[in-house]
Amino acid sequence: MDAEREALQSTAYPKVQTFCQKHGLMFEVVDLRWGIRDTEATHHMTTELCLEELDRCRKTSLGPAFVALLGDQYGPCLAPTLIEEKEWEALKAQLTSRPGDLELVAHRFQRDENAVPPTYVLRASGTRETHGPEDITLTSVLRCGAQEARRLGLISQEQWHRYHWSVIEWEIERGLLSLIDGDQGATVFLREIQDLNKHILEDCALKMVDRLADGCLDTDAQNLLSSLKGRIADTQSGVLKAHHLRWSRDLVNPKNKAHARYLKELGEQFVARANYQVLERLRELEAGRQELAWLYQEIRHHLGLSAEATRTFCGRQELLTQVGQRLRKNDGHPHMPMVLFGPPGIGKTALMCKLAEQMPGLLGCKTVTILRLLGTSQMSCDARSLLQTICFQVCLAYGLPLPPAQVLEAHARVVQFFHILLHTVSSRNFESLVILLDSVDDVDSIHRARRVPWLPPKCPPRVHFILSACSGQQGVLDTMKQVITDPESYWEVKPLSSNQGQEMIQLLLAASKRTLSPGQRDLLWASLPECGHPGRLRLAFEEARKWASFTIPAPLASTAKEAMHQLCARLEQTHGQLLVARVLGYIVSSR
1 MDAEREALQS TAYPKVQTFC QKHGLMFEVV DLRWGIRDTE ATHHMTTELC
51 LEELDRCRKT SLGPAFVALL GDQYGPCLAP TLIEEKEWEA LKAQLTSRPG
101 DLELVAHRFQ RDENAVPPTY VLRASGTRET HGPEDITLTS VLRCGAQEAR
151 RLGLISQEQW HRYHWSVIEW EIERGLLSLI DGDQGATVFL REIQDLNKHI
201 LEDCALKMVD RLADGCLDTD AQNLLSSLKG RIADTQSGVL KAHHLRWSRD
251 LVNPKNKAHA RYLKELGEQF VARANYQVLE RLRELEAGRQ ELAWLYQEIR
301 HHLGLSAEAT RTFCGRQELL TQVGQRLRKN DGHPHMPMVL FGPPGIGKTA
351 LMCKLAEQMP GLLGCKTVTI LRLLGTSQMS CDARSLLQTI CFQVCLAYGL
401 PLPPAQVLEA HARVVQFFHI LLHTVSSRNF ESLVILLDSV DDVDSIHRAR
451 RVPWLPPKCP PRVHFILSAC SGQQGVLDTM KQVITDPESY WEVKPLSSNQ
501 GQEMIQLLLA ASKRTLSPGQ RDLLWASLPE CGHPGRLRLA FEEARKWASF
551 TIPAPLASTA KEAMHQLCAR LEQTHGQLLV ARVLGYIVSS R
């Protein structure tokens with residue numbers, strides 16, 4: 001489908017981009033096949049990256065999120081990279097009568113005891129071709145074993161799919177067929193060539209269909225392709241845009257007038273469909289604004305990040321207790337906000353999330369807790385949007401009137417409304433209000449300002465502010481100290497103890513369903529003598545989680561800087577030095 005991709009790139013994308021710009025939106029295209037050779041496209045890592053990218057597009061797109069171009073090729077099926085122990089035993093039992101096949105599978109897969117439960121990991125074939133002869137044989141053997149295991153009820157239908165689906169079916173499954181809440185911005189363009197079956201057998205050189213190594217038609221692949229098209233038509237017919245072309249030997253020739261008309265129609269359909277999806281989503285958002293759906297989405301965003309941050313939280317019990325004591329002491333009278341500070345990566349965000357989670361117990365009374373991880377969402381990057389969302393949330397929590405439209409028109413009015421709101425909540429003598437703002441350095445107006453007019457220098461009774469900021473950054477803590485002048489309001493977040501650091505690593509490994517062999521664990525602890533810096537510990541974990549039980553790991557870096565160099569070196573080895581250098585450069589330039 002190269003001609004279709006090039007047509008969309010040259011004619012359709014610019015039109016959609018112009019349309020999006022008129023509505024204040026950016027239009028970005030991630031083509032999962034653009035510039036990728038066939039051998040790279042069928043590489044296991046490429047497939048996993050593509051599926052991850054699909055998830056990101058579905059999560060972030062305001063309109064079109066997934067477009068599939070489906071022709072007459074199903075594509076190669078890959079052997080799974082990982083097979084869990086129970087599934088492996090089921091497959092192995094079906095191959096005992098074929099010693100040669102069993103030997104091939106046993107040779108190509110190696111047991112990894114570090115996975116929980118243990119898994120069998122696919123070894124590289126040793127050839128430069130990702131889908132070479134041995135891989136084809138391996139795939140066929142595994143298919144036979146899976147077919148028999150499924151017949152006997154030893155594996156599920158989903159497990160059976162892993163041995164029969166091609167990359168494109170996995171992508172369509174992830175981007176469309178697995179969705180339970182509609183098509184979510186998906187479109188499938190289907191190209192079907194009339195009378196193609198009459199010509200397939202006449203010319204074995206035709207590359208429009210799946211072929212076996214000897215040039216014969218791959219009937220299994222064609223049957224799976226027909227099944228895939230049927231699934232799309234049966235479950236998501238509304239997203240299907242079919243194009244029926246007459247057979248011609250020079251069908252994909254740009255000079256072929258019929259093909260040129262098809263490409264033109266394809267581009268027009270793409271533009272119309274994408275623009276429609278954008279407009280529909282904008283209408284939904286406009287209706288949602290009136291129903292406060294935007295606020296609930298913002299709250300869910302921060303709660304989701306908080307749940308992830310506290311999943312592997314450990315230690316800090318003494319600091320949590322001290323903060324709770326201070327909150328209870330200050331609850332009955334005016335007091336200054338609290339500021340937690342420390343170097344980057346020391347664990348301030350996780351601590352703030354844990355405080356939010358435990359706040360009712362720490363304060364010892366009914367509490368309304370509001371948490372914002374600043375800079376992680378569009379509405380938490382600037383003071384105006386931040387205050388508006390907090391005002392709305394406080395009003396809803398306490399049953400107070402929402403901010404009127406004339407207040408929201410000017411930031412100064414929002415600040416005034418916010419301060420009055422805090423005193424209103426305090427005077428009701430009801431539930432205490434705790435507002436936690438993590439990483440105040442990530443709010444532009446604070447980072448650049450010399451004062452923070454919206455931050456109350458003193459909180460009224462039953463209202464608490466807890467802020468976190470990085471130490472060592474020019475101006476941020478200095479700005480806070482001009483507003484919050486009491487030195488006792490500043491609490492330093494220090495490194496974890498050595499035992500707590502080891503506990504954190506164990507929690508991270510358990511959360512990712514991994515473990516380490518005794519020798520690997522000894523090497524890890526030896527590389528982290530007395531290290532309690534959570535950022536450094538997480539870097540070490542990211543390296544250690546990749547160790548299989550048969551891996552002989554190299555010693556880890558002893559400092560955070562060396563660990564970053566080690567991480568970059570591994571990325572360069574995987575993706576190439578040029579790509580890594582430019583990606584990191586773009587990331588730095590965007591900040």
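Residue numbers for the sequence shown follow full-length UniProt numbering, beginning at 1 and rising by one.
No residue lacks a Cβ here, since even glycine has one placed at the ideal position from N, Cα and C.
The continuous beta strand (DSSP E) containing A186 extends over residues 186-194.
When DSSP states are grouped into helix, strand and coil, R150 belongs to the helix group. Of the candidates R311, A272, P555, I466, A272 places its Cα closest to the Cα of P14.
A distance below 6 Å between beta-carbons, with the five flanking residues on each side excluded, links H335 to the following residues of its chain, in chain order: C459. Minimum Cα-Cα distance from Q110 among the listed residues Y296, P99, P80, R98 corresponds to P80. Taken in chain order, the unbroken stretches of alpha helix (DSSP H) that lie wholly in the segment 362-404 and span 4 residues or more are 383-398. In the DSSP annotation of this structure, the continuous segment of the alpha helix (DSSP H) that includes L421 starts and ends at 411-427. Membership of T119 in the beta strand (DSSP E) is indicated by the continuous run 119-122. In the structure shown, D112 falls within a strand segment according to DSSP collapsed to helix, strand and coil. Pairing D218 with V209 gives a Cβ-Cβ distance under 9 Å.
Straight-line spacing of the CA atoms in R123 and A115 works out to 16 Å. Using a Cβ-Cβ distance cut-off of 8 Å, the segment 275-295 and the segment 303-317 are not in contact, since fewer than three pairs of beta carbons, one from each stretch, lie closer than that value. Leaving aside the five residues that flank H333 on each side, the residues in its chain whose CB is nearer than 6 Å to its CB run, in chain order, P461. G342 is bridged by DSSP to C470.
Of V188, V67, G375, the smallest CA-CA separation from A242 is found for V188. In its chain, beyond the 5 residues on either side, F341, G342, P343, L477 have a beta carbon closer than 7 Å to the beta carbon of S471. When C-beta atoms of the segment 482-493 are compared with those of the segment 366-375, fewer than three pairs fall below 8 Å, so the two segments do not count as touching.
Secondary structure note for H301: its alpha helix (DSSP H) is the uninterrupted segment 293-310. Per DSSP, the unbroken beta strand (DSSP E) holding I83 starts and ends at 82-84.
Contact check between the segment 350-359 and the segment 367-385: three or more CB pairs, one atom from each, fall below 8 Å, which counts as touching.
Going by C-alpha positions, M1 is about 7 Å away from L69.
Annotated three-state conformation of H244 is strand, per DSSP. Per DSSP, the beta-bridge partners of L69 are F189.
Remark: C-beta atoms of L400 and L437 do not approach each other more closely than 9 Å. E87 sits buried, since 16 or more C-beta atoms from the chains shown fall within 10 Å of its C-beta. A distance below 9 Å separates the beta carbons of V323 and I466.
Around the beta carbon of P495, 16 or more other beta carbons sit within 10 angstroms, so the residue counts as buried.
The residue from L266, C353, C568 with its alpha-carbon nearest to that of Q9 is L266.
E298 sits close to T389, with the two beta carbons spaced by under 9 Å.
Beta-carbon to beta-carbon, V278 and G24 are separated by about 11 Å, too far to satisfy the 8 Å threshold. Beta bridge pairing from DSSP links H335 with C459. Looking at the backbone, the Cα of L190 and that of S140 are separated by about 28 Å.
Fewer than three pairs of CB atoms, one per stretch, sit closer than 8 Å, so the segment 173-182 makes no contact with the segment 102-109. For I232, the uninterrupted alpha helix (DSSP H) run begins and ends at 219-235, by DSSP. The beta carbon of K22 is closer than 7 Å to none in its chain, skipping five residues each way along the sequence.
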